[in-house]
Amino acid sequence: MNIDKISSFQRILQRYTNSGLSNDAFPVNTHRSLHVTKAPYSSENKSYTCRALRVTWSGELGWELHIPSSNAIQVYRALRTASGLTNGGWRALTSLSMEKVSYHLWNTDLRTDDNPVEANLAFTCRKNGDYFGNEFVTKAKVEGVTKKYAYFTLDEKIPIYGQEAIYRNGEVVGYLRRGDYAFHLDKPIGVGYVTNKGNKVTLDYLSEGIYEIEVMGKRYKAACYPKSPFDPTGQRLLGNYGDMGMDENTLTKYVILT
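Residue 13 in UniProt numbering sits at position 13 of the sequence shown; the count goes up by one each step and never skips.
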């Protein structure tokens, strides 16, 4: 069972385990086994072993708990009793991921015909040593790419779902792979790959264009970003919430996404 936690699930999860969950004790992009108790502070203290991953597709401070199917219901019910914890749906998760950087949805944002360099995922590839596909990644890094993953926002609140055409300076240069609504930005947001008639796509090329997104035959002005316009450096993964006055120890809202 995979449960994705957002918005300082840290404080809740700490009540159910003796394992350290701070940024120092459990860094981002690491994983380990931990024991989750069924009912903390009570006589019914049976515990279950889970594989905890300090990653979240929502881009918030949290974990994924990978739980054996035989114990999944017990762990879910135990965590569900925590005050302030509630269920969230798939569309909530996709919306949160769209606002953050490098949270790709397989077969939509990222497909087998997309190079990691094109998809802004070069940082996930090893710098040293050989691996399957290394020659293509190295070539793309050295020679550049002819399409590039980018974010788009619309000022007008027009629903976008993906497959909408991307216009740059009046010419079609691609289409949105995915669209959603960014609730923090309070505007529609989409992602897609921008092309350049077979020529290299550079950061200057992306930034210098005038963009529009075509929705149901009508074009709407759009802003293009090489990285997410919201939390581009992934500070929320660390619990750094800036002017909200929150950190990994003070967040008070919790959501389970199943």
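Glycine included, every Cβ here is placed at the ideal spot set by N, Cα and C.
Query                                                                                                                                                                                           : Result
On the three-state DSSP scale, how would you describe Asp-204?                                                                                                                                  : helix
Going by the CB atoms, is the gap between Lys-147 and Val-194 shorter than 8 Å?                                                                                                                 : yes
Taking the runs of the alpha helix (DSSP H) that are 4 residues or longer, which of them lie wholly in the region 143-217?                                                                      : 203-208
For Glu-214 and Thr-30, I'd like the C-alpha separation in whole angstroms.                                                                                                                     : 41 Å
To the nearest angstrom, report how far apart Asn-134 and Arg-77 are at their CA atoms.                                                                                                         : 44 Å
Starting from the C-beta of Ala-150, find all residues in its chain whose C-beta is less than 8 Å away, skip the five residues before and the five after it, and write them out in chain order. : Val-191, Gly-192, Tyr-193, Val-194, Leu-206, Cys-224, Tyr-225, Pro-226
Can you confirm whether the region 57-69 touches the region 98-113 when touching is taken to mean that 3 or more C-beta pairs between the two stretches lie within less than 8 Å?               : yes
So what does Cys-125 bridge to, in DSSP terms?                                                                                                                                                  : Per DSSP, none; premise fails for Cys-125.
Suppose the cutoff is 6 Å on Cβ atoms and the five residues either side in sequence are ignored; what does the same chain contact list for Ala-140 look like?                                   : Asn-115, Val-117
Could you check where the alpha helix (DSSP H) with Val-75 kicks off and where it finishes?                                                                                                     : 72-80
Please say whether Arg-80 and residue 264 have beta carbons closer to each other than 8 Å?                                                                                                      : Residue 264 is absent from the model: the chain starts at 1 and stops at 258.
Identify whether Thr-138 lies in helix, strand or coil by the three-state DSSP scheme.                                                                                                          : helix
If you run the structure through DSSP and keep just helix, strand and coil, what is Thr-112?                                                                                                    : coil
Thinking just about the alpha-carbon of each residue, which of Trp-63, Gly-144, Asn-240, Gly-234 is nearest to the one in Asp-204?                                                              : Gly-144
Going by beta carbon distance, what residues of the same chain come within less than 8 Å of Tyr-167, once the five residues before and after it are set aside?                                  : Val-173, Tyr-211, Glu-212, Ile-213, Glu-214, Arg-219
In the structure shown, what three-state DSSP assignment does Thr-17 receive?                                                                                                                   : coil
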